[in-house]
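As structure tokens, the structure follows; a few thoughts come after it.
There are 4 protein chains.
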Amino acid sequence: MDKLRAALLGATGMVGQRFVKLLTGHRMFELTVLAASPRSAGKRYREAAHWCVEGDVPEEVADLRVVRVGLEEVRREDEVDVVFSAIPSELAREIEPEFARAGIPVISDASAFRMEEDVPILIGEVNPDHLKLVKLQARRGWRSFIVTSPNCTTNELMIALKPLMDRFGIRRVIVSTMQALSGAGWTGVPSMAIADNVIPYIRNEEEKVEREALKILGRFDGSRIVPAELEISASCHRVNVLEGHLEAVFVELSRGADVEEVKEAMRKFRGRPQELGLPTAPENPIIVREEEDRPQPRLDRYAGGGMSIVVGRVRRDKVLENGVKFLVLGHNTIRGAAGNAILNAELAVSEGYI
Amino acid sequence: MDKLRAALLGATGMVGQRFVKLLTGHRMFELTVLAASPRSAGKRYREAAHWCVEGDVPEEVADLRVVRVGLEEVRREDEVDVVFSAIPSELAREIEPEFARAGIPVISDASAFRMEEDVPILIGEVNPDHLKLVKLQARRGWRSFIVTSPNCTTNELMIALKPLMDRFGIRRVIVSTMQALSGAGWTGVPSMAIADNVIPYIRNEEEKVEREALKILGRFDGSRIVPAELEISASCHRVNVLEGHLEAVFVELSRGADVEEVKEAMRKFRGRPQELGLPTAPENPIIVREEEDRPQPRLDRYAGGGMSIVVGRVRRDKVLENGVKFLVLGHNTIRGAAGNAILNAELAVSEGYI
Amino acid sequence: MDKLRAALLGATGMVGQRFVKLLTGHRMFELTVLAASPRSAGKRYREAAHWCVEGDVPEEVADLRVVRVGLEEVRREDEVDVVFSAIPSELAREIEPEFARAGIPVISDASAFRMEEDVPILIGEVNPDHLKLVKLQARRGWRSFIVTSPNCTTNELMIALKPLMDRFGIRRVIVSTMQALSGAGWTGVPSMAIADNVIPYIRNEEEKVEREALKILGRFDGSRIVPAELEISASCHRVNVLEGHLEAVFVELSRGADVEEVKEAMRKFRGRPQELGLPTAPENPIIVREEEDRPQPRLDRYAGGGMSIVVGRVRRDKVLENGVKFLVLGHNTIRGAAGNAILNAELAVSEGYI
Amino acid sequence: MDKLRAALLGATGMVGQRFVKLLTGHRMFELTVLAASPRSAGKRYREAAHWCVEGDVPEEVADLRVVRVGLEEVRREDEVDVVFSAIPSELAREIEPEFARAGIPVISDASAFRMEEDVPILIGEVNPDHLKLVKLQARRGWRSFIVTSPNCTTNELMIALKPLMDRFGIRRVIVSTMQALSGAGWTGVPSMAIADNVIPYIRNEEEKVEREALKILGRFDGSRIVPAELEISASCHRVNVLEGHLEAVFVELSRGADVEEVKEAMRKFRGRPQELGLPTAPENPIIVREEEDRPQPRLDRYAGGGMSIVVGRVRRDKVLENGVKFLVLGHNTIRGAAGNAILNAELAVSEGYI
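Residue numbers (numbering that gives the first Met the number 0), protein chains in the order written: chain H, 0 to 353; chain C, 0 to 353; chain W, 0 to 353; chain P, 0 to 353.
Shown next, in the form of structure tokens:
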């Protein structure tokens, strides 16, 4: 099949660079337009991006001329079939609808529309049927739609919880995070702030996790998402790690389960992306490790190309009823951002939405 | 009063060095004997210790000749009134009773005797009456006694929970830790292991926290400690921080309390060491900060000379009944080790046990 | 004597905070005005400064109301006797002369006027007689004067070289630096940039070192500074260390000297501040260590309260004629900035310039 | 051609793991025997190695049974054609000759035999003709030979200097290093030692650089290596970086050269491995970057698969006659160890020595 032509909004940032890397040589999509802030516009991508992911700027896009973020600017470059968005939320609120209205589907990593009733927060393996929600966006007078990805911290937690919810039911979740620096962007955390330190606060993060989870794990009843009936509490902290969010999770299941059952449920877990064989789908969405000291961010973040989450130290928790506790790690800018969005786009294509 | 003459076992290690620093110029105790492993024995302290705490080796002890750890070796140097112990647990099991039997009280940081029925795990502010337990050690045929300090991770958690238990009652506690490197000793964590990483496992740590807590918060009924009736679950992790254990704590209180009440209970908390005006007692055992991003290990670990714990981000937890969540930080080798032991010794002297 | 009343320009930045800390309880100066950017103006210092040096904001200044940087703004608060300046260079170029013109001496850490012919770059121990240069500033129509401090990297190098120049003569110097993060200010180096990394470039740093050195080590002939006749080449690099610049120095002396002579020259070195017993003068400007692995930034940066430099590993260099090589460490925001400036002010007072 | 069968001595260490990774799927060699310390012997490689390089243990060797380091032990497993050695130097001194005597060529990373008159310190691109030296080892009564690789710090410096020596001549070299943690092995540098710190000393490192360089850059006159007639002085320091040694180099050339000529000489530099198209030879031994802040260890260490060195900031040095200064970075366990040894083996095969 001919590749779909894609634009990337926010191409020079850290998540933007991940998009570029993951879309290079992609068999469904071809990046034909790179858009960024006015400061970058007019420069070749090679000069505009302060490249900071592994390797060098991919040759395919290195000489593309960056345009400003905007419908007209993108259109002037190419008639794209899809838009990937990695722009700040305030800007996304204004810009993304322009594309949807004009008939160009928006696959977004921004938080702007996540909590809108007719917009899915999509994780291919967890709630693929929420994609149906986009049809309701026609009521807005849009010819196409917006699909969002969850916050990076929420993402890996949802994947870990999904098989437990399906098999045992979940009543309560307590999660304490140790999050990587890249989640705050290149200049987000000064080195003076984090060297020999932990910062026990990430603005809005706990609220996002608690709010998004109920929607993602909710049920689409044909007209709306009925939120999941579990309770979730988060405490979010920044540690001195480049990439990979680690989370200590305590879960109260609806029914008793022994540790081996829990691990098996996770190991066997497959979702719609695996069924469809989507290009970015990892073979195993969840890798369960048996070592006593894993997962570790530096050693495990690239599991499954950064698209698998890694669970370890699954053990009983005796404080919660039917309690189980474990650690989960995900690559926050791949699985937790660009990779998840690309998987969403692949799913939307395969399911006929794009 | 004349100072009591003290020996220090394990004088060259990291906790040993903290003891040396805190006991320099102490108004109750004078370090007259420094004991360490055979490798160090015979050297001057200045040469034997690879000094790694702030400043230089205190002049008062720099030229003391280090002896081997052992009753005879210590006695050959001086008739000491008290022994501080910072030796490995296996060695402590063998050596500490020799001193107690010989009539020399042992104030220990080792874990060897913590769970013995007639040995207190003492935190001056939390369970000072447990000191009475040492009288039962006479049954062992000992002329003196052993007092232990809790594990560093347990210590700060106990101090934070004590005022909540007293005022509101506690049913359940979930704690997720971000622990400093010094807790593992100078060579405990290779730099290759922790750079750009978190290690989500510390051997025996979760068990220690869960076990020691119930004893420390328990009630001495005249003949034994009746364990506290709360439930506690821990997940322990090592982060790239030199000193200062940070813990995310989720608590289910026995009765509802609003956040301000919880903070006030913590702020007003004072214990026996404060009443007695003990030299190492911090003015405020608990400092509650209001900033949204504190406590931070690097900025807060030296609060109260390293003897105060610092609590922050006290907020409601909606998952647990009457739930509250917060962060707590303590200096793991001062409050969590040497400082707590010295405070124990001061308490034992003031209460007439030494 | 009554304390001199002092204003501090740039009070909220990292160097500004060091000034505040060092001037608290100072026996010559009292901080009565704190000035900072418009963003901070009007707030109490406690709120305006994102306090990041050890301990808490000193109570003496915590509630001072911050004013905008400017002559009128400062004067409206108090008739100060001296102004300390820790503002950015472009701003300094404009603001500092206003104070000098108005008769208020300016003790500056900014680079703006360093290379002006009639302005000294002053290090109390190295070139105290350069202070005479300020009299020439009367030609500008100023009623008072500006004194500058060198760049932090230059500072410690100059102190280390001074006794060698005096005793053996110096022909050539090659220096390779490993500089701390604080040198770039709180937000200067993103954590993503420096974690698991070294950045082998610091803008303008090599030029500053090479240029300032010749002036500082030069001779005041009554009308101008005759630059020193040595050659110096620097390569400057940023490493993942909070405070303390470490420099590897290779020196070609004018005559042969053995390593012990070099160390003795450094150890015996005392300057005018030591003669005068100035409050901020360290007892030993240079501490020479004999261990094979010192100086180390974390262990040695607070030597002499951060005002001593620490030299180690003095050894022969066989590539340069009469060659010697060693390492030197200085606290870049104390000796290398605020502390040096305060010492300059003390010298100016003692010598009758203020 | 059939692959040569290879044994690896020291297979579980960090350099050993690099060998394993680089030899997996190699077109000339097949690892059939993995040898390590008695502690590992008998275990499957998967269990014996605490795997710490990227990705997982390669499946090809994961289940190989590890044997003890020793000629008999290796032979009992397989009749190997070549032995790679990554064992400690003292052990190498004893073990490596046994293999050479028995007719099995030893490609070693150990320092034991580097300075022996009849043993080459070989870098394929720099001194391929030194390989001829191995014929002299027959005098020892050996049926085969030992080839060594230089110390990792020496290696990248030699590659950077070679084209300058060939084209301009070199008189003097001063080098100041910022070396990675992996150079000291997994447990070599405790995290407590290096966090927020630099350690300005690496045992024997400066001596090795200074000594090995003259031999490597020397000339084989048919019977011996005539040492190069340049002078070299090193100052070696450990920084908090996982992999990649960065070196600041100051060079006095024999004749004047402008910066562009120097960069061109480096860029055009190719060696015998490139001529022969050896599998591990990087296309460009030296990559010269033009950005003002490169090379950086984290961003550049994997250039050319870790086999290219990266040079940056080439500029004039005005202190040395015909002076030039620059930075050079190399991956210390690939180019600086395992990769260089494998390239040596490839060269020895291609040139008919194996």
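No residue lacks a Cβ here, since even glycine has one placed at the ideal position from N, Cα and C.
CB-CB length for residue i against residue j, believed under 8 Å
i: E59 of chain C; j: T23 of chain C; result: 6 Å
i: I122 of chain C; j: N154 of chain C; result: 6 Å
i: S181 of chain C; j: M265 of chain P; result: Their Cβ separation, rounded to whole angstroms, is 45 Å, which puts S181 of chain C and M265 of chain P out of contact at 8 Å.
i: V14 of chain C; j: A336 of chain C; result: 5 Å
i: E282 of chain W; j: G303 of chain W; result: 7 Å
i: R210 of chain W; j: E116 of chain W; result: No, R210 of chain W and E116 of chain W are not in contact; Cβ-Cβ is about 13 Å, not under 8 Å.
i: G338 of chain W; j: L70 of chain W; result: Actually they are not in contact, since the Cβ atoms of G338 of chain W and L70 of chain W sit about 26 Å apart, beyond 8 Å.
i: A194 of chain W; j: L213 of chain W; result: The Cβ separation is near 37 Å, so there is no contact.
DSSP bridge partner residues for residue i (one or two, in chain order)
i: V327 of chain C; result: C:E246 and C:V310
i: Q178 of chain P; result: P:R237
i: S190 of chain W; result: According to DSSP, which records beta bridges pairwise, S190 of chain W is partnered with nothing at all.
i: V125 of chain C; result: According to DSSP, V125 of chain C bridges with nothing at all.
i: D316 of chain C; result: C:G322
i: L8 of chain P; result: P:A34 and P:S84
i: L22 of chain W; result: Answer by DSSP bridge pairing: none, since L22 of chain W is not bridged.
i: F219 of chain W; result: W:I224
i: V146 of chain C; result: C:I106
i: I173 of chain H; result: H:S232 and H:F249
i: I198 of chain P; result: P:R237
i: L3 of chain C; result: C:F28
i: I341 of chain H; result: Beta-bridge pairing links I341 of chain H to no other residue.
i: I120 of chain W; result: W:T147
Proximity below 8 Å, CB of residue i to CB of residue j
i: A179 of chain H; j: V240 of chain H; result: yes
i: G168 of chain W; j: L252 of chain W; result: yes
i: F219 of chain W; j: K131 of chain W; result: yes
i: V197 of chain H; j: L245 of chain C; result: yes
i: A85 of chain P; j: L8 of chain P; result: yes
i: S148 of chain P; j: P104 of chain P; result: no
i: I201 of chain C; j: N126 of chain C; result: no
i: T186 of chain C; j: T152 of chain C; result: no
i: A354 of chain C; j: S107 of chain C; result: Coverage of chain C is limited to positions 0 through 353, which leaves residue 354 of chain C absent and any answer about it impossible.
i: A40 of chain P; j: V66 of chain P; result: yes
i: L3 of chain C; j: V81 of chain C; result: yes
i: R312 of chain H; j: G243 of chain H; result: no
i: L156 of chain H; j: V174 of chain H; result: yes
i: V32 of chain C; j: D77 of chain C; result: yes
i: E205 of chain C; j: I158 of chain C; result: no
Min CB distance residue i to chain B below 8 Å
i: P189 of chain H; result: Here chain B cannot be found, since the structure's protein chains are H, C, W and P.
(message) Quick check for students: name the residue ranges of the beta strand (DSSP E) that lie wholly in the segment 227 to 305 of chain W, counting only runs of 3 or more.
(response) 230 to 234, 244 to 252 and 285 to 287
| message | Could you tell me which whole beta strand (DSSP E) segments of length 3 or greater appear in the segment 27 to 59 of chain P? | response | 28 to 35
3-residue-minimum beta strand (DSSP E) runs that sit fully inside the segment 64 to 96 of chain C, ordered along the chain
81 to 84
ask   = With contact counted as at least three CB pairs below 8 Å, one residue from each stretch, are the segment 219 to 234 of chain H and the segment 310 to 321 of chain C in contact?
value = yes
Query raised in the report: Can at least three beta-carbon pairs, one atom from the segment 302 to 310 of chain W and one from the segment 325 to 339 of chain W, be found at a separation below 8 Å?
Result: yes
Self-check item: the segment 255 to 270 of chain W contacting the segment 157 to 175 of chain W, beta-carbon criterion three pairs below 8 Å
Solution: yes
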